[in-house]
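Peer 1: Chains as they are written, first to last, in the numbering used here: chain D, 5 to 251; chain E, 5 to 251. Backbone N, C-alpha and C define an ideal beta-carbon position, used for all residues, glycine too. On a predicted model such as this, the values are computed, not experimentally measured, just so you know.
Number of protein chains: 2
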Amino acid sequence: MKLNKNLYIIGIGPGNLSDISRRAYQILKKVEVIVGYKKYIECIKELITEEQQIYISGMRKEKERVQKAIDYAKQGKKCALISSGDPGVYGMAGLALEMVEDQKINLKIDIVPGITAANAAAAVLGAPLMHDYTVISLSDILTPWNLIKKRLEAAAEADFITTLYNPRSSRRKKQLKKAREIFLEYRNPETPVGIVHSVGRDEEEVMITTLKKMPLEKVDMLTTVIIGNSQSYISNQKIITPRGYNI
Amino acid sequence: MKLNKNLYIIGIGPGNLSDISRRAYQILKKVEVIVGYKKYIECIKELITEEQQIYISGMRKEKERVQKAIDYAKQGKKCALISSGDPGVYGMAGLALEMVEDQKINLKIDIVPGITAANAAAAVLGAPLMHDYTVISLSDILTPWNLIKKRLEAAAEADFITTLYNPRSSRRKKQLKKAREIFLEYRNPETPVGIVHSVGRDEEEVMITTLKKMPLEKVDMLTTVIIGNSQSYISNQKIITPRGYNI
Numbered sequence: 005m006k007l008n009k010n011l012y013i014i015g016i017g018p019g020n021l022s023d024i025s026r027r028a029y030q031i032l033k034k035v036e037v038i039v040g041y042k043k044y045i046e047c048i049k050e051l052i053t054e055e056q057q058i059y060i061s062g063m064r065k066e067k068e069r070v071q072k073a074i075d076y077a078k079q080g081k082k083c084a085l086i087s088s089g090d091p092g093v094y095g096m097a098g099l100a101l102e103m104v105e106d107q108k109i110n111l112k113i114d115i116v117p118g119i120t121a122a123n124a125a126a127a128v129l130g131a132p133l134m135h136d137y138t139v140i141s142l143s144d145i146l147t148p149w150n151l152i153k154k155r156l157e158a159a160a161e162a163d164f165i166t167t168l169y170n171p172r173s174s175r176r177k178k179q180l181k182k183a184r185e186i187f188l189e190y191r192n193p194e195t196p197v198g199i200v201h202s203v204g205r206d207e208e209e210v211m212i213t214t215l216k217k218m219p220l221e222k223v224d225m226l227t228t229v230i231i232g233n234s235q236s237y238i239s240n241q242k243i244i245t246p247r248g249y250n251i
Numbered sequence: 005m006k007l008n009k010n011l012y013i014i015g016i017g018p019g020n021l022s023d024i025s026r027r028a029y030q031i032l033k034k035v036e037v038i039v040g041y042k043k044y045i046e047c048i049k050e051l052i053t054e055e056q057q058i059y060i061s062g063m064r065k066e067k068e069r070v071q072k073a074i075d076y077a078k079q080g081k082k083c084a085l086i087s088s089g090d091p092g093v094y095g096m097a098g099l100a101l102e103m104v105e106d107q108k109i110n111l112k113i114d115i116v117p118g119i120t121a122a123n124a125a126a127a128v129l130g131a132p133l134m135h136d137y138t139v140i141s142l143s144d145i146l147t148p149w150n151l152i153k154k155r156l157e158a159a160a161e162a163d164f165i166t167t168l169y170n171p172r173s174s175r176r177k178k179q180l181k182k183a184r185e186i187f188l189e190y191r192n193p194e195t196p197v198g199i200v201h202s203v204g205r206d207e208e209e210v211m212i213t214t215l216k217k218m219p220l221e222k223v224d225m226l227t228t229v230i231i232g233n234s235q236s237y238i239s240n241q242k243i244i245t246p247r248g249y250n251i
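Here it is, written out as structure tokens:
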């Protein structure tokens with residue numbers, strides 16, 4: 005495969021070198037520069053060669069990373085900007101397109117999708133996402149809480165399976181508690197809930213519980229939470245949402 | 005990698021051998037039997053070796069395929085049952101777990117996630133899924149239309165980006181028309197809509213349009229439709245949904 009673009013926005017999937025796509029892997033092997041958040045660079049460190057230049061930065065430095073990647077690409081270097089999961093889901097794809105547009109640069113960008121946390125977490129939990137679902141981030145840094153709340157209510161009322169991203173951090177605890185309260189208004193307290201910490205990484209921890217019993221304190225920013233719909237059930241330590249086949 | 009299970013439910017991603025995960029690829033290389041719908045077997049035919057046994061069946065034969073895969077696995081064969089996209093999203097994972105449970109078989113199953121059509125389509129459209137989103141199937145074969153309608157209304161009202169699976173077939177045309185009507189009640193007629201036919205395959209076709217103008221007749225069962233939220237816009241032939249960063 006020949007690299008015909010200068011800037012690749014790459015989803016590395018949940019964070020191991022098995023669940024990454026073959027395309028993402030091959031591009032990462034071939035680019036001259038890789039730009040990413042330090043934890044994500046750590047996830048792919050085994051494939052990095054000595055010839056490759058790496059630019060690492062910390063949390064909340066998204067704009068700085070995108071700018072670095074744009075600058076390298078403008079210099080004619082083949083550059084990959086990485087996101088965990090899928091770069092199009094709360095990842096770097098949107099910001100990169102916005103900044104390239106804002107700076108009126110003529111730069112072709114390839115967005116390479118990855119397996120997002122909802123799908124990776126669902127696979128270890130069983131088959132919770134087998135019907136219509138929503139993906140909602142509980143982080144209110146960039147989104148007003150009232151809008152998040154409205155979406156939680158809509159998801160709960162219309163019986164969507166719901167995956168929560170960024171559910172809880174050391175500084176931000178009330179959103180998950182409130183989300184549970186909203187779901188309890190519409191859904192049985194026994195509704196299955198799956199909690200997956202660090203999906204796909206060595207530290208992965210999987211817990212299957214219910215809306216009523218879910219231990220909020222076990223949830224942090226590296227956790228994905230999946231709340232079943234009214235048909236979901238737990239069997240053999242797996243969450244299953246029936247699609248509707250007559251078994 | 006050693007295969008330590010007898011039954012693997014594998015997501016092959018959008019349908020090319022680049023966007024498949026490295027894990028899925030390696031397992032498919034090593035199993036003795038691959039079971040799948042004929043179009044999906046076609047997608048991976050280049051990796052199949054002469055030693056491998058292939059079981060193919062047609063549309064709506066999902067239960068038959070799962071039963072075959074279970075039977076092979078019970079005989080001690082290493083077997084992969086494939087789904088396009090992610091097996092946990094309207095795929096084979098749920099049905100397989102349900103049937104294994106129903107038949108009270110002690111069979112360990114590995115579910116191998118894949119890139120689902122929402123994420124694959126988003127990548128070729130730009131970055132439409134950068135905020136909270138829903139995934140809704142318009143097929144009313146297994147789901148009552150009233151429930152689908154309720155979910156469309158909830159998604160439209162709470163300003164979710166919405167991805168439609170199974171949007172329209174030769175026999176089932178009114179659901180997409182109705183979905184558009186529902187969204188037009190809540191969202192600007194200029195809201196961006198992305199239509200991707202056969203994402204990731206040779207026949208891939210990408211169209212960026214609006215709620216008002218979307219050509220319903222261009223949409224079929226191989227198409228993924230993504231409707232933006234109130235903030236989505238079109239720029240340089242890409243759909244961008246801002247996450248909320250101050251550029």
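Is it the case that the Cβ atoms of E/C47 and E/G19 are separated by a distance below 7 angstroms?
Peer 2: yes
Peer 1: Consider the Cβ of D/I165: report whether some Cβ of chain E lies at a distance smaller than 7 angstroms.
Peer 2: no
Peer 1: Mind checking if E/K177 is an interface residue toward chain D, Cβ cutoff 7 angstroms exclusive?
Peer 2: For E/K177, the answer is no, since every Cβ of chain D falls outside 7 angstroms of its Cβ.
Peer 1: Show which residues of chain D have a CB atom less than 9 angstroms away from the CB atom of E/D106.
Peer 2: I251
Peer 1: Within 10 angstroms of the Cβ of E/N10, are there 16 or more other Cβ atoms? Answer buried if so, exposed if not.
Peer 2: Per the 10 Å Cβ criterion, buried.
Peer 1: Using alpha carbons as the reference points, say which of E/A73, E/A126 and E/S61 lies closest to D/P91.
Peer 2: E/A126
Peer 1: Just confirm the distance between the C-beta atoms of D/A160 and D/R191, as a whole number of angstroms; I'd bet it's less than 8 angstroms.
Peer 2: 6 angstroms
Peer 1: Would you list the residues sitting across from E/E209 in a DSSP beta bridge?
Peer 2: Here E/E209 is bridged, per DSSP, to E/H201.
Peer 1: In chain D, what lies closer than 9 angstroms to E/K154 by C-beta?
Peer 2: E161, A162 and D163
Peer 1: Would you say E/L101 lies against chain D (beta-carbon separation less than 7 angstroms)?
Peer 2: yes
Peer 1: Does the CB of D/V35 have a neighbour CB from chain E at under 7 angstroms?
Peer 2: no
Peer 1: Report yes or no: is there a C-beta of chain E within less than 7 angstroms of the C-beta of D/N233?
Peer 2: no
Peer 1: Between D/A158 and chain E, is there a C-beta pair that is closer than 7 angstroms?
Peer 2: yes
Peer 1: Could you name the residues of the same chain whose beta carbon sits closer than 8 angstroms to that of E/D144, not counting the 5 residues immediately before and after it, in chain order?
Peer 2: I152, R176 and Q179
Peer 1: Spatial neighbours of D/L220 within its chain, please: C-beta separation below 8 angstroms, excluding the five flanking residues on both sides.
Peer 2: R172, K177, L180, K181 and R184
Peer 1: Which residues mark the beginning and the end of the beta strand (DSSP E) in which E/D114 is found?
Peer 2: First-last of the beta strand (DSSP E) with E/D114: I113 to V116.
Peer 1: At a CB-CB cut-off below 7 angstroms, which residues of chain D make contact with E/K242?
Peer 2: L101
Peer 1: Give a yes or no on whether the C-beta atoms belonging to D/L38 and D/A84 are separated by under 7 angstroms.
Peer 2: A small correction: the amino acid at residue 38 of chain D is Ile; Leu does not occupy that position in the sequence shown. Contact: yes.
Peer 1: My output table needs one value for D/A162: the three-state DSSP class, helix, strand or coil.
Peer 2: Coil, per DSSP.
Peer 1: Whose CA, out of E/K81, E/N233 and E/V70, lies closest to the CA of E/E105?
Peer 2: E/V70
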